[in-house]
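Undergrad: Following UniProt numbering, the numbering of the sequence shown begins with 1 at its first residue and continues without gaps.
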Amino acid sequence: MKTRVWVVDNIVDKRQVYPQIREAVEWLRAGEVIAFPTETVYGLGADAANTAAVEKIFAAKGRPSDNPLIVHVAHIAQAEAVAASIPTVAKTLMERFWPGPLTLVLPKRAGAVSERVTAGLPTVAVRMPDHPLALALIEASGLALAAPSANRSGRPSPTTAAHVLADLDGRIAGVIDGGPTGVGVESTVLDCSGDVPTILRPGGVTKEALIEAIGRVEEAAAVDDEAAPKAPGMKYTHYAPKAPLWIVAGPPAFLQRLVDESRAEGKTVGVLTTEENRDQYAADVVLPCGMRQALETVASRLYDTLRRFDETNVDLIYSEAFPEEGIGAAIMNRLRKAAGGRVISEQRK
1 MKTRVWVVDN IVDKRQVYPQ IREAVEWLRA GEVIAFPTET VYGLGADAAN TAAVEKIFAA
61 KGRPSDNPLI VHVAHIAQAE AVAASIPTVA KTLMERFWPG PLTLVLPKRA GAVSERVTAG
121 LPTVAVRMPD HPLALALIEA SGLALAAPSA NRSGRPSPTT AAHVLADLDG RIAGVIDGGP
181 TGVGVESTVL DCSGDVPTIL RPGGVTKEAL IEAIGRVEEA AAVDDEAAPK APGMKYTHYA
241 PKAPLWIVAG PPAFLQRLVD ESRAEGKTVG VLTTEENRDQ YAADVVLPCG MRQALETVAS
301 RLYDTLRRFD ETNVDLIYSE AFPEEGIGAA IMNRLRKAAG GRVISEQRK
């Protein structure tokens, strides 16, 4: 099956049904999967109530079956239709952060979505994306869309339609090309089904912003290999480039020493750095990923930079570490997943 590409520019009104969106909606209603941009990354959408359609998401991505999917909605009524109840704290967060990069885990309404969406869990993850094209697609379809990132499982998430096609061309029905996404890392996932709201995955809404909005917020412990993850991104290696990635906790001089040692062994070495530090490294490939003084630019460019390394012949990649306040927590979460937990500290070397 050849993947269709619909280019849609300058979407400003989610209520307007553009011809490209109308055609994409027909495919969604026919049980196919369609990739579309959100403010975070491109998502791979299918009717959340249609098990056969949801199965196509897992098949296209090669996604583990115990990894739940996030349901995307265009208005609160759709969230109320898939959730058995919406706690007061979740309503407060919806008013504050929706539409936006915040996913809320809620008690699920029986039969509202496919069991494949929730991986058999008693909860459902829901968010309202802050992108006019995504909202227009959901609104026009009348469907709640299950939509993980539109990439092969384990690969860096896509922030352009070209990234989607690089991974999924011929595996999905179509992709709506709305240009590059903005935030660049996926949504924050917050579990609101228990006594204390708990961050299952850091993302575009920071822990600090959540605390300001609702007070106490906890962070979930790591999920072991045997446990079922309650949200995407809690288990497995994600976001990984083709070459092995190592996070380096230390100053540029220490990272450069590692580069020199690896090159002396005959290896071709890449360095993921920032605009401020790019001139401090002598390596085979040096790619800046935003500015350290503006970490939102690092988040926006992270996945694109990891994919750019795939276009080189590097044998391994060393990445600088980043502060873990604000959006930095999401950046480091994604880097650790991409590195499979490999961190080299100057103190341990």
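Don't be surprised by glycine CBs; every beta carbon is placed ideally from N, CA and C.
Is the CB-CB distance between Ala162 and Pro241 below 8 Å?
TA: Mapped onto the sequence shown, residue 162 falls at position 162. Mapped onto the sequence shown, residue 241 falls at position 241. Going by C-beta atoms, Ala162 is not nearer than 8 Å to Pro241.
Undergrad: Taking a contact to mean a Cβ-Cβ separation below 8 Å, would you say Ser114 touches Gly43 in this structure?
TA: As a working note, residue 114 is residue 114 in the sequence shown. As a working note, residue 43 is residue 43 in the sequence shown. Not a contact, by the Cβ cut-off of 8 Å.
Undergrad: Look up Ser153 in the DSSP assignment and say whether it is helix, strand or coil.
TA: Here residue 153 refers to the residue found at position 153 when the sequence shown is read from its first residue. Residue state, collapsed to three classes: coil.
Undergrad: Identify, in the order they occur along the chain, each residue of the same chain with its Cβ nearer than 8 Å to the Cβ of Leu295, setting aside the five sequence neighbours on each side.
TA: Here residue 295 refers to the residue found at position 295 when the sequence shown is read from its first residue. Once the five neighbours on either side are set aside, the close Cβ partners of Leu295 are Phe322, Pro323, Gly326, Ile327, Gly328 and Ile331.
Undergrad: How many Å lie between Tyr281 and Trp6 at the Cα?
TA: Taking the first residue of the sequence shown as position 1, residue 281 is located at position 281. Taking the first residue of the sequence shown as position 1, residue 6 is located at position 6. Going from the Cα of Tyr281 to the Cα of Trp6 covers about 41 Å.
Undergrad: Just to confirm the assignment, what range does the beta strand (DSSP E) spanning Asp177 have?
TA: Here residue 177 is taken as the residue at index 177 of the sequence shown, counted from 1. Counting along the chain, the beta strand (DSSP E) containing Asp177 begins and ends at Gly174 to Asp177.
Undergrad: Using beta-carbon positions only, say whether Trp342 and Leu302 come within less than 8 Å of one another.
TA: As a first step, residue 342 is located in the sequence shown; it is residue number 342 there, counting from the start. As a first step, residue 302 is located in the sequence shown; it is residue number 302 there, counting from the start. As written in the sequence, residue 342 is Arg, which differs from the Trp given in the question. Contact flag unset, no.
Undergrad: With DSSP collapsed to three states, give me the class of Ala209.
TA: Numbered from 1 along the sequence shown, position 209 holds the residue referred to as residue 209. Of the three classes helix, strand and coil, the one that applies to Ala209 here is helix, per DSSP.
Undergrad: Look up Trp6 in the DSSP assignment and say whether it is helix, strand or coil.
TA: Translated into positions along the sequence shown, residue 6 becomes position 6. Strand.
Undergrad: Taking C-alpha atoms, which residue in Ala166, Leu145, Ala140 and Val248 lies nearest to Asn151?
TA: Along the sequence shown, one-based indexing puts residue 151 at 151. The residue with the shortest Cα to Cα distance from Asn151 is Ala166.
Undergrad: Among Ala299, Ala283, Met291 and Glu346, which residue has its Cα nearest to the Cα of Asp315?
TA: In the sequence shown, the residue the question calls residue 315 occupies position 315. Nearest of Ala299, Ala283, Met291 and Glu346 to Asp315, Cα basis: Ala283.
Undergrad: So, helix, strand or coil for Trp246, using DSSP?
TA: The residue you call residue 246 lines up with position 246 of the sequence shown. Note: Trp246 maps to strand in three-state DSSP.
Undergrad: Alpha carbon to alpha carbon, how far is Ser153 from Asp66? Give it in angstroms, no decimals.
TA: Residue numbering aside, residue 66 sits at position 66 when the sequence shown is read from its first letter. Residue numbering aside, residue 153 sits at position 153 when the sequence shown is read from its first letter. If I take the Cα positions, the gap works out to 13 Å.
Undergrad: Count the other CB atoms within 10 Å of the CB of Arg63; is the residue buried (16 or more) or exposed (fewer)?
TA: Stepping through the sequence shown from its first residue, residue 63 is reached at position 63. The residue is buried, with at least 16 neighbouring Cβ atoms inside 10 Å.
Undergrad: Do the segment 169-180 and the segment 83-94 touch if we need at least three Cβ pairs shorter than 8 Å?
TA: Because the criterion of three Cβ pairs below 8 Å is not met, the segment 169-180 and the segment 83-94 do not touch.
Undergrad: Suppose contacts are defined by Cβ-Cβ distances below 8 Å. Is Thr312 in contact with Pro288 by that definition?
TA: Along the sequence shown, read from residue 1 onward, the residue named residue 312 stands at position 312. Along the sequence shown, read from residue 1 onward, the residue named residue 288 stands at position 288. Result no, Cβ atoms of Thr312 and Pro288 do not sit closer than 8 Å.
Undergrad: For Pro88, count neighbouring Cβ atoms within 10 angstroms of its own Cβ and tell me buried if that reaches 16, exposed if not.
TA: What you label residue 88 is simply residue 88 of the sequence shown in a count that begins at 1. According to the sequence as given, residue 88 is Thr; it is not Pro. Looking at its Cβ environment, which holds fewer than 16 other Cβ atoms inside 10 Å, Thr88 is exposed.
Undergrad: Is there contact here, the segment 128-137 with the segment 18-25, by at least three beta-carbon pairs under 8 Å?
TA: Output reads yes: the segment 18-25 touches the segment 128-137.
Undergrad: Are there 16 or more other CB atoms within 10 angstroms of the CB of Gln347, so buried, or fewer, so exposed?
TA: The residue given as residue 347 occupies position 347 in the sequence shown. Under this definition Gln347 is an exposed residue.
Undergrad: Drop a sphere of 10 angstroms on the beta-carbon of Ser345, count the other beta-carbons inside from all chains shown, and report buried for 16 or more, exposed for fewer.
TA: Here residue 345 is taken as the residue at index 345 of the sequence shown, counted from 1. Looking at its Cβ environment, which holds fewer than 16 other Cβ atoms inside 10 Å, Ser345 is exposed.
Undergrad: Between Thr123 and the rest of its own chain, which residues show a CB-CB distance below 7 Å, the 5 nearest in sequence each way excluded?
TA: Counted from its first residue, the sequence shown places residue 123 at position 123. Around Thr123: Val105, Leu106, Pro107, Lys108, Ser193 and Lys230.
Undergrad: Taking the runs of the beta strand (DSSP E) that are 3 residues or longer, which of them lie wholly in the segment 298-331?
TA: Counting only runs of 3 or more, we get 316-320.
Undergrad: Give the DSSP bridge partners of Val271, in chain order.
TA: What you label residue 271 is simply residue 271 of the sequence shown in a count that begins at 1. In the DSSP output, where bridge partners are listed per residue, Val271 has Val286 and Tyr318.
Undergrad: Between Ala52 and Gly31, is the Cβ-Cβ spacing less than 8 Å?
TA: Your numbering for residue 52 matches position 52 in the sequence shown. Your numbering for residue 31 matches position 31 in the sequence shown. Going by C-beta atoms, Ala52 is nearer than 8 Å to Gly31.
Undergrad: The alpha helix (DSSP H) with Ile21 in it runs from where to where?
TA: As a working mapping, residue 21 is identified with position 21 in the sequence shown. That run of the alpha helix (DSSP H) goes Pro19 to Arg29.
Undergrad: Excluding the 5 residues flanking Asp130 on each side, which residues of the same chain have their C-beta closer than 6 Å to its C-beta?
TA: In the sequence shown, counting from the first residue as 1, residue 130 sits at position 130. Around Asp130: Glu39, Pro99 and Gly100.
Undergrad: Got a sec? Which residues, its chain only, sit under 8 Å from Arg308 by beta carbon, not counting five neighbours each side?
TA: Taking the sequence shown and counting its residues from 1, the one referred to as residue 308 is at position 308. Around Arg308: Leu287.
Undergrad: Kindly indicate which three-state DSSP category Ser345 falls into: helix, strand or coil?
TA: Start at 1 with the first residue of the sequence shown, and residue 345 comes out as number 345. The answer is strand: DSSP assigns Ser345 an E or B state.
Undergrad: Going along the chain, which unbroken runs of the alpha helix (DSSP H) with 4 or more residues stay wholly within the segment 71-138?
TA: Complete alpha helix (DSSP H) runs here, min 4: 76-82, 88-97 and 115-118.
Undergrad: CA-CA distance, Val143 and Ala84?
TA: Within the sequence shown, residue 143 is the residue found at index 143, counting from 1. Within the sequence shown, residue 84 is the residue found at index 84, counting from 1. Note on residue identity: the sequence assigns Leu, not Val, to residue 143. Rounded to whole angstroms, Leu143 to Ala84 spans 18 Å at the Cα level.
Undergrad: With DSSP as the reference, label Arg171 as helix, strand or coil.
TA: If you number the sequence shown from 1, residue 171 lands on position 171. It is coil, neither helix nor strand.
Undergrad: Can you have a look at Pro19 and say buried or exposed, based on whether 16 or more other CB atoms are within 10 angstroms of its CB?
TA: Here residue 19 is taken as the residue at index 19 of the sequence shown, counted from 1. Looking at its Cβ environment, which holds fewer than 16 other Cβ atoms inside 10 Å, Pro19 is exposed.
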